[in-house]
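Structure record follows, encoded as structure tokens.
There are 2 protein chains.
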Amino acid sequence: MTRPKQRPLTLRDVSEACGVSEMTVSRVLRNRGDVSVATRDKVLQAAKSLGYVPNQIAGSLASQRVNLVAVVIPSLSNMVFPEVLTGINEVFEETPLQPVVGVTDYMPEKEERVLYEMLSWRPSGVIIAGLEHSDATRAMLKNAAIPVVEIMDTDGTPVDSVVGISHRRAGRQMAAAILKQGYQHIGFMGTKMPLDHRARKRFEGFTEALAKAGVEIEDREFYSGGSALAKGREMTAAMLKRSPDLDFLYYSNDMIGAGGLLHLLDQGIDVPGQIGLAGFNGVELLDGLPRQLATMDACRKEIGTLAAKIILERSALPEDAEPDSSGHITLKPKITFGDTLRRYRRG
Amino acid sequence: MTRPKQRPLTLRDVSEACGVSEMTVSRVLRNRGDVSVATRDKVLQAAKSLGYVPNQIAGSLASQRVNLVAVVIPSLSNMVFPEVLTGINEVFEETPLQPVVGVTDYMPEKEERVLYEMLSWRPSGVIIAGLEHSDATRAMLKNAAIPVVEIMDTDGTPVDSVVGISHRRAGRQMAAAILKQGYQHIGFMGTKMPLDHRARKRFEGFTEALAKAGVEIEDREFYSGGSALAKGREMTAAMLKRSPDLDFLYYSNDMIGAGGLLHLLDQGIDVPGQIGLAGFNGVELLDGLPRQLATMDACRKEIGTLAAKIILERSALPEDAEPDSSGHITLKPKITFGDTLRRYRRG
DNA sequence: GTGAAAGCGCTAACAG
DNA sequence: CTGTTAGCGCTTTCAC
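Here the protein sequences line up with chains A and B, keeping their order.
Counting in UniProt numbering, the first sequence runs from 1 upward without gaps.
Counting in UniProt numbering, the second sequence runs from 1 upward without gaps.
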């Protein structure tokens, strides 16, 4: 109750308060080893009434174990990543492990800084978005000698484990679906993606599959910043003005797709009859639009869950054991046709 | 290059590699004290080539300083909080401080656990959402003897500093604006809010202001889970069926408001002539809807920025200095009328 | 079941 | 400018 100001409580304080050795107090507080019920209660009671909070800094240094898992993602405003985090959180919920999030803003050099910062806390594992990293980043990941899971994307060579989808394949798949329904005049809209490798790969897969069918994208536009919904609207209006013959619009994410959809409906355009639309991500947020946008699920939450599970297994493993599984997981997203990609061949 | 596996590098390794004492290596790596350029370069070079990453655990224990700031928020999927985080991140960007986020899912008891966990890392400060906490949580915050900023809400008694808006006032203000425009038959839709105190306070302020004008809410509905947009649609449809005479719908957040708006437009209802709408939050995400929803900005990013700045100032202060400012900041959100709350008195 | 001693990897405080 | 000496608060290991 009468706590000395400024100096946080230590084990010793609790020890003195209840007349039990520091060692035993430590045992009680960690539920380690056998302690008589009597002393146990005494200790617990003292700790609580003092309001003692253990010092993990000291604990981790002594035990050489840290219950932190570094999670490195490009953005928090992207909707996608909070969902991944939710998956991760769920798995770690009932374990001693704790995720610590770092944000890179899609900047490789910031990724480097953030990772360095996090590794300096000696986390038990790293979950990091993407497969494209600077040499320094990759080196740090390797040197850390802890489990590393690269997430979201599987098109490339992981440092260690990987959980994600093939965005190139996703792009191809959507192209195939679109062509199959008879659409031929296709426009593309998306973020400027020098650094969003996943968007880039989807685009590449998409164009590649079209090319195989002898189709080329007839118009394209890229944006950055601003409200995605509004951007989708604007870009769509502009593109259709430029290229009125388009019969399909592929968007690199659902938000701009939704903007496009709202614009087309405003204009009284028949969707998906006259113009079809598709986005990417399967954002639940958008259920409730006048039409359901065709899209592909990016398996966000599942990616989080699986990545966390890999860390969990690996970090429990004895020092020198090698996991028997390769730790490479490629999920297979499916297309949701919704109401903006017709299901029957054009008349 | 030939690094012993499993054992992370220590200062000593660097020290040996470059023939400089550990202490000096430490100085170089922290940019502390004067070191000759020659040794400095030697050290830096050795550290880099080895791929040495300092151990903050040991460093913090020795220096009794931790560059972590605990940030405790109810949710990541609420859109609101990622924006607050963005504000916080921006401020800490160029400082040694680093936010660490914990999520409570609006559960007081989880809040307690999360905070305990974070305090055990002895952070330099705490930023925590809301003013309602369990006694244990409040006690921990007080005992921690570090700067604490409670954010989002100012209706109540903070433990220490506070940055936010008065949600009660926000509710009253919106009620006043609605009444002023002559709307009289008002329905309310929102989340089930036993634990969302801010939504509750807005609702209370809202009904209170209506009551003063002799107006009562004529219908109300609460939801939980699911896509907010879809829920807004459904609830609005149901409510108007039940209470066709309503001329205004107040939503506890913009997403369900947007759902309602889409529904009304679908039905060909004149908005805001026949029915007016308002939400809350000022979600930029929604720019691009057919009509701009009336709303109030919750000052999310600014709250983050200010809270971070308070921590920053306070944590730099000498041990016993008292901040001269009370550290109580109430921001004043303004109403955006948009296109769903008419600006002129009813005919 | 409990305690005493040693040390985790680093930095504060002094010496030189 | 550089090095030495003590810890930081806990846990490990080994006695009892």
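Virtual Cβ for every residue (Gly too), placed ideally from N, Cα, C.
Small disclaimer: the values here were computed from a predicted structure and weren't measured.
Interface partners of B/VAL35 on chain A, CB under 8 Å:
In the second sequence, residue 35 of chain B corresponds to position 35, counting from 1. The contacting residues do not exist; B/VAL35 stays about 21 Å from chain A at best.
**Request:** Please check the pair B/PRO158 and B/HIS328, which I expect to be a contact at CB under 8 Å, by giving their CB distance rounded to whole angstroms.
**Result:** Position 158 of the second sequence, counted from the start, is the residue given in the question as residue 158 of chain B. Position 328 of the second sequence, counted from the start, is the residue given in the question as residue 328 of chain B. About 7 Å separates the two Cβ atoms, so the contact holds.
Worksheet item: Got a sec? Which residues, its chain only, sit under 7 Å from A/ALA213 by beta carbon, not counting five neighbours each side?
Response: Counting from 1 along the first sequence, the entry for residue 213 of chain A is found at position 213. If we look at A/ALA213 and ignore the five residues flanking it on each side, its Cβ neighbours are LEU179.
Q) Just how far apart, CA to CA, sit A/ARG242 and A/GLU221? A) Numbered from 1 along the first sequence, position 242 holds the residue referred to as residue 242 of chain A. Numbered from 1 along the first sequence, position 221 holds the residue referred to as residue 221 of chain A. About 11 Å.
Just the Cα atoms here: how many angstroms apart are B/ALA307 and A/VAL20?
The residue labelled residue 307 of chain B in the question sits at position 307 within the second sequence. The residue labelled residue 20 of chain A in the question sits at position 20 within the first sequence. In this structure, the straight-line span from the alpha carbon of B/ALA307 to that of A/VAL20 is close to 41 Å.
* Spatial neighbours of A/LYS201 within its chain, please: CB distance less than 6 Å, with the 5 preceding and 5 following residues excluded, ordered by chain position. => As a first step, residue 201 of chain A must be located in the first sequence, where it is residue number 201. So the qualifying residues of the chain are ASP155, HIS167 and ARG168.
**Prompt:** Listed in chain order, which residues of the region 138 to 151 of chain B have Cβ atoms closer than 8 Å to some Cβ of chain A?
**Reply:** ALA139, MET140, ASN143, ALA144 and ALA145
- Task: May I ask you to report which of helix, strand or coil DSSP gives A/VAL14?
- Result: Along the first sequence, one-based indexing puts residue 14 of chain A at 14. Residue state, collapsed to three classes: helix.
>> Give me, in chain order, the residues of the same chain whose beta-carbon lies closer than 6 Å to that of B/ASP320; leave out the 5 immediate sequence neighbours on both sides.
In response: Numbered from 1 along the second sequence, position 320 holds the residue referred to as residue 320 of chain B. Because the pLDDT of B/ASP320 is 44, which lies under 50, any placement of that residue in the model is unreliable, and the number read from its coordinates should be weighed accordingly. There are no such residues.
- Item | For A/ASP34, the nearest candidate out of A/THR24, A/LYS42 and A/ARG113 (CA to CA) | By one-based count along the first sequence, residue 34 of chain A stands at place 34. The shortest Cα separation from A/ASP34 among A/THR24, A/LYS42 and A/ARG113 belongs to A/THR24.
ask   = What's the C-alpha gap between A/PRO318 and B/VAL101?
value = On the first sequence, residue 318 of chain A is found 318 positions in, with the first residue counted as 1. On the second sequence, residue 101 of chain B is found 101 positions in, with the first residue counted as 1. Any reading at A/PRO318 needs caution, since the residue's pLDDT is 48, under 50, leaving its predicted position unreliable; the model's value is listed next. Approximately 30 Å between the Cα atoms of the pair.
Exercise. Give the straight-line distance between the Cα atoms of B/ALA237 and A/ILE269, rounded to the nearest whole angstrom.
Key: For this step, residue 237 of chain B is matched to residue 237 along the second sequence. For this step, residue 269 of chain A is matched to residue 269 along the first sequence. Answer to the nearest angstrom: the Cα atoms are 25 Å apart.
*Express the C-alpha separation of A/LEU141 and A/GLY226 in angstroms, rounding to a whole number.*
Taking the first sequence and counting its residues from 1, one reaches residue 226 of chain A at position 226. Taking the first sequence and counting its residues from 1, one reaches residue 141 of chain A at position 141. About 34 Å.
Could you pull the start and end residues of the alpha helix (DSSP H) that B/ILE174 belongs to? Taking the first residue of the second sequence as 1, we reach residue 174 of chain B at position 174. Residue 174 of chain B is actually Met in this sequence, not Ile. Per DSSP, the unbroken alpha helix (DSSP H) holding B/MET174 starts and ends at 167 to 180.
Would you tell me roughly how many angstroms separate the C-alpha atoms of B/GLY273 and B/GLU216, rounded to the nearest one? On the second sequence, residue 273 of chain B is found 273 positions in, with the first residue counted as 1. On the second sequence, residue 216 of chain B is found 216 positions in, with the first residue counted as 1. So the two alpha carbons sit approximately 21 Å from each other.
Check your understanding: Residues of chain B with CB under 7 Å from A/ARG12, in chain order?
Key -> In the first sequence, residue 12 of chain A corresponds to position 12, counting from 1. Chain B residues near A/ARG12: none, gap ~15 Å exceeds 7 Å.
(Q) So for B/THR207, helix, strand or coil by DSSP? (A) Taking the second sequence and counting its residues from 1, the one referred to as residue 207 of chain B is at position 207. Helix.
Margin query: Using a Cβ-Cβ distance cut-off of 7 Å, determine whether B/VAL100 contacts chain A.
Written below: For the purposes of this step, residue 100 of chain B is taken as the residue at position 100 of the second sequence. Cβ-Cβ to chain A under 7 Å: yes for B/VAL100.
(message) I want to see whether chain B comes within less than 7 Å of A/PRO318, judged by CB atoms only; does it?
(response) Taking the first sequence and counting its residues from 1, the one referred to as residue 318 of chain A is at position 318. Per-residue confidence for A/PRO318 stands at a pLDDT of 48, beneath the threshold of 50, marking its modelled position as unreliable; the derived number appears in the next sentence. No, A/PRO318 does not count as interfacial toward chain B.
Contact set for B/GLY87: own chain, Cβ-Cβ below 6 Å, skip 5 residues either direction: As a first step, residue 87 of chain B is located in the second sequence; it is residue number 87 there, counting from the start. If we look at B/GLY87 and ignore the five residues flanking it on each side, its Cβ neighbours are LYS301, GLY304 and THR305.
| query | Applying a beta-carbon distance threshold of less than 7 Å, which residues of chain B neighbour A/LEU76? | reply | Locating residue 76 of chain A in the first sequence gives position 76, where the first residue counts as 1. Going along chain B in sequence order, the residues near A/LEU76 (Cβ under 7 Å) are PRO82, LEU85 and THR86.
TODO: Could you tell me whether the region 41 to 53 of chain A touches the region 78 to 85 of chain A, where touching means 3 or more Cβ pairs closer than 8 Å?
DONE: no
query: What residues of chain B sit near A/SER243, judged by a beta carbon separation below 7 Å?
result: Taking the first sequence and counting its residues from 1, the one referred to as residue 243 of chain A is at position 243. A/SER243 does not reach chain B, its nearest Cβ partner there being about 21 Å away, counting only Cβ pairs nearer than 7 Å.
- [ ] Report the residues of the region 93 to 123 of chain B with a CB closer than 8 Å to any CB of chain A, ordered along the chain.
- [x] The region 93 to 123 of chain B vs chain A, Cβ under 8 Å: GLN98, VAL100, VAL101, VAL103, TYR116, GLU117, LEU119, SER120, TRP121 and ARG122.
ask   = According to the Cβ coordinates, are B/ILE151 and B/GLY171 closer than 7 Å?
value = As a working note, residue 151 of chain B is residue 151 in the second sequence. As a working note, residue 171 of chain B is residue 171 in the second sequence. No, the Cβ-Cβ distance between B/ILE151 and B/GLY171 is not below 7 Å.
Discussion item. Is there a Cβ of chain B sitting closer than 7 Å to that of A/VAL159, yes or no?
Written reply: In the first sequence, residue 159 of chain A corresponds to position 159, counting from 1. No, no contact with chain B.
C-alpha distance - A/PRO333 paired with B/VAL72, whole-angstrom precision: Position 333 of the first sequence holds residue 333 of chain A. Position 72 of the second sequence holds residue 72 of chain B. One Cα belongs to A/PRO333, the other to B/VAL72, and the distance between them is close to 33 Å.
Through-space distance from B/VAL14 to residue 415 of chain B, alpha-carbon basis: Shown here, chain B extends from 1 to 347; a query on residue 415 of chain B therefore has no answer.
Checklist entry - So, helix, strand or coil for B/SER77, using DSSP? => result For the purposes of this step, residue 77 of chain B is identified with residue 77 of the second sequence, where counting begins at 1. B/SER77: coil per DSSP, three-state reduction.
Requested in this report: Name the residue from B/ILE275, B/LEU331, B/GLY182 and B/SER63 whose alpha carbon lies nearest to the alpha carbon of B/ASP339.
Outcome: Position 339 of the second sequence holds residue 339 of chain B. Closest by alpha carbon: B/ILE275.
key: Boundaries (first-last residue) of the alpha helix (DSSP H) holding A/ILE127   = Sequence index remark: in the first sequence, residue 127 of chain A carries index 127 (1-based). Taken as a continuous stretch (DSSP letters only), A/ILE127 belongs to no alpha helix (DSSP H), being part of the beta strand (DSSP E) at 125 to 129.
Original post:
Does the distance from the C-beta atom of A/GLY259 to that of B/GLY288 stay below 7 Å?
Top reply: For the purposes of this step, residue 259 of chain A is identified with residue 259 of the first sequence, where counting begins at 1. For the purposes of this step, residue 288 of chain B is identified with residue 288 of the second sequence, where counting begins at 1. Result yes, Cβ atoms of A/GLY259 and B/GLY288 sit closer than 7 Å.
**Report entry** B/ASN281 - partner residues in DSSP beta bridges
**Finding:** As a position in the second sequence, residue 281 of chain B is number 281, starting the count at 1. Its beta-bridge partners are B/ASP297.
Quick test of your reading: A/GLY187 and A/GLU218, contact by CB under 8 Å. State the CB separation rounded to the nearest angstrom.
As a first step, residue 187 of chain A is located in the first sequence; it is residue number 187 there, counting from the start. As a first step, residue 218 of chain A is located in the first sequence; it is residue number 218 there, counting from the start. Their Cβ separation, rounded to whole angstroms, is 6 Å, which keeps A/GLY187 and A/GLU218 in contact under 8 Å.
Review point. With DSSP run on the structure shown, which of helix, strand or coil describes A/MET193?
Key: In the first sequence, counting from the first residue as 1, residue 193 of chain A sits at position 193. Here DSSP, grouped into helix, strand and coil, assigns A/MET193 to coil.
Where does A/HIS328 sit, in a helix, a strand or coil, going by DSSP? Position 328 of the first sequence, counted from the start, is the residue given in the question as residue 328 of chain A. Of the three classes helix, strand and coil, the one that applies to A/HIS328 here is strand, per DSSP.
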